[in-house]
Amino acid sequence: METVQDWPIFGLVADMRPALAAAREQGRAMALATLHASSGGAPRGLGAQMLVGAETMAGFLSGGCVEADVALRARGVLAGGDPLRLTYGEGGPFDIRLPCGGRIEVLLERIAPDDPAIGALLDAAERRVPALLLSDGLRRACLRAGETSDTLPEDFARAAALARSSAACAGSGKRLEGIVFRRFAPVQRLVVLGHDPVALALAQLGVLGGMEVFLVRPKGPAAPPPIPGLRGYRRGAPGEALAGIGLDPWTAVAIATHDDFLDQAALLAALPSIAGYVGLLGSARRLPRTRARLKAAGLDAETIARLRAPIGLPLGGKTAWEIAVSILAEVYATANAAAALRPASVAAA
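Position 96 (the sequence shown) corresponds to 208 in my numbering; numbering is contiguous.
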């Protein structure tokens with residue numbers, strides 16, 4: 113988290129879970145702001161969050177219109193412990209206007225460092241399973257994938273049932289009885305196979321974008337590349353490396369080895385998996401031969417059709433950074449499309 117300053121670097125953080133984990137480890141209480149309802153234009157979607165400490169903050173809720181006020185009020189919540197329900201835009205403070213003409217509603221609550229629900233949420237993140245967090249400002253509960261609402265208070269159980277068939281975040285309406293819920297998916301993971309400038313640029317951009325990034329270079333040097341924030345580096349064969357990392361629907365695999373044998377091994381491991389995205393760097397001329405080899409190896413047409421190649425959106429760029437941006441854009445587009453189609457019940461069965 114960054115200290116509040118003139119340049120809102122703190123707004124580059126979108127996922128509050130790492131900051132919550134750090135505060136929990138350090139024994140610090142934090143104030144969590146969740147945008148749970150909106151109307152008209154709004155720069156952030158439902159579920160946008162800010163985390164505010166005594167001297168730090170992370171995340172943002174608007175284009176800079178309300179953050180200072182939220183931070184100011186958060187200090188009071190930290191001191192007194194009472195939650196606040198804030199409205200900005202129509203019905204909100206007259207001196208704070210949203211240029212987009214919209215209206216947002218925010219729940220601001222104090223999070224103790226030993227909060228059990230936050231502990232369960234962070235456990236779900238560590239185990240890479242979806243979770244549903246519910247709160248009325250004073251009470252919180254977290255349901256991880258596979259858990260039922262049997263042990264929840266009756267009003268929370270009703271809210272959890274509504275959450276299974278509603279948007280990613282909500283907290284308005286009589287049926288929710290003032291309870292705000294927000295679904296959390298595992299952090300987007302990016303596995304890059306390769307070592308050329310495109311692979312390194314892609315890995316670095318993924319880290320900057322908040323992804324959990326692994327780099328795989330079979331028989332590569334012992335030392336990892338100088339990319340701060342890289343989650344892991346693997347030197348084994350593609351299949352072995354991918355199995356060790358683990359592939360799930362929130363994992364994107366980008367193959368850029370420039371070696372037919374390594375490409376084939378990586379594709380045979382990634383395409384039949386449940387990875388949300390599998391892309392291959394290379395020219396369109398190579399594709400028929402690549403698909404033929406995959407078919408000869410036993411993959412069916414449906415599995416082969418999962419391959420994104422040539423990798424990336426057609427931005428027309430040729431530099432390493434331009435190609436990396438095109439790949440990352442396709443990964444984001446694929447992940448967002450999958451999230452929109454994924455049933456809500458996956459977050460709390």
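Here a beta-carbon is modelled for each residue, glycine too, at the ideal position from N, C-alpha and C.
No experiment lies behind these values; they were computed from the predicted model shown.
DSSP state of residue i mapped onto helix, strand, coil
i	result
Thr446	helix
Leu274	helix
Ile216	strand
Arg251	coil
Phe122	helix
Val299	coil
Val328	strand
Val189	helix
Ala143	strand
Val241	coil
Leu196	strand
Ile339	coil
Pro156	Looking at the sequence provided, one finds Arg at residue 156 rather than Pro. Correct three-state label for Arg156: coil.
Ala452	helix
Ala224	coil
Met113	Below a pLDDT of 50, predicted positions are generally treated as unreliable, and Met113, at 47, falls in that range; the measurement from the model is reported next regardless. Three-state DSSP puts Met113 in coil, outside helix and strand.
Gly231	helix
Leu434	It should be noted that the sequence gives Glu, not Leu, for residue 434. Residue state, collapsed to three classes: helix.
Leu317	helix
Glu137	helix
Val182	helix
Asp127	coil
Distance between residue j and residue i (C-alpha atoms, nearest Å)
i	j	result
Ser457	Leu274	Its pLDDT being 44, under 50, Ser457 is placed unreliably by the model, and the measurement read from it follows with that caveat. Roughly 10 Å separates the two Cα atoms.
Asp371	Leu305	11 Å
Leu234	Ser277	23 Å
Arg329	Ala408	26 Å
Ile429	Pro422	The sequence shown places Gly at residue 429, rather than the Ile named in the question. Using only the alpha carbons, I get a separation of about 13 Å.
Phe326	Arg239	17 Å
Glu137	Met128	14 Å
Arg156	Ser174	6 Å
Gln161	Leu144	7 Å
Ala460	Pro333	With a pLDDT of only 36 at Ala460, under 50, the local geometry of the prediction cannot be trusted, and the value read off the model is given with reservation. Cα to Cα, the separation comes out at about 43 Å.
Gly214	Leu374	51 Å
Val189	Val310	46 Å
Val218	Glu179	11 Å
Leu246	Ala272	8 Å
Leu380	Arg418	12 Å
Gly159	Ala191	25 Å
Gly351	Ile416	17 Å
Trp362	Arg346	19 Å
Gly258	Asp181	39 Å
Leu453	Val241	17 Å
Pro195	Gly283	14 Å
Val164	Pro338	31 Å
Residues bridged to residue i (per DSSP)
i	result
Val292	Ser247
Leu163	Leu144, Ala170
Cys281	Arg294
Val304	Leu327, Ala366
Ser261	Note: Ser261 sits in no beta bridge, so no partner.
Ser150	Ile216
Arg256	Ala243
| message | Is it the case that the stretch 230-245 contacts the stretch 128-138, given that we only count it when at least three CB pairs across the two stretches are under 8 Å? | response | When C-beta atoms of the stretch 128-138 are compared with those of the stretch 230-245, three or more pairs fall below 8 Å, so the two segments count as touching.
| query | Does the pairing of the stretch 261-277 with the stretch 308-316 give three or more beta-carbon distances under 8 Å? | reply | no
| said: I'd like to know if the stretch 433-442 and the stretch 399-414 are in contact, where contact means that at least 3 CB-CB pairs between them fall below 8 Å. | reply: The answer is no - the stretch 399-414 does not touch the stretch 433-442, with fewer than three Cβ pairs under 8 Å.
| message | What ranges does the beta strand (DSSP E) occupy inside the stretch 341-424, keeping only unbroken runs of at least 3 residues that lie completely in it? | response | 344-346, 363-368, 389-392
| Looking at C-beta atoms only, is the number of pairs between the stretch 361-378 and the stretch 388-397 that lie closer than 8 Å three or more? | yes
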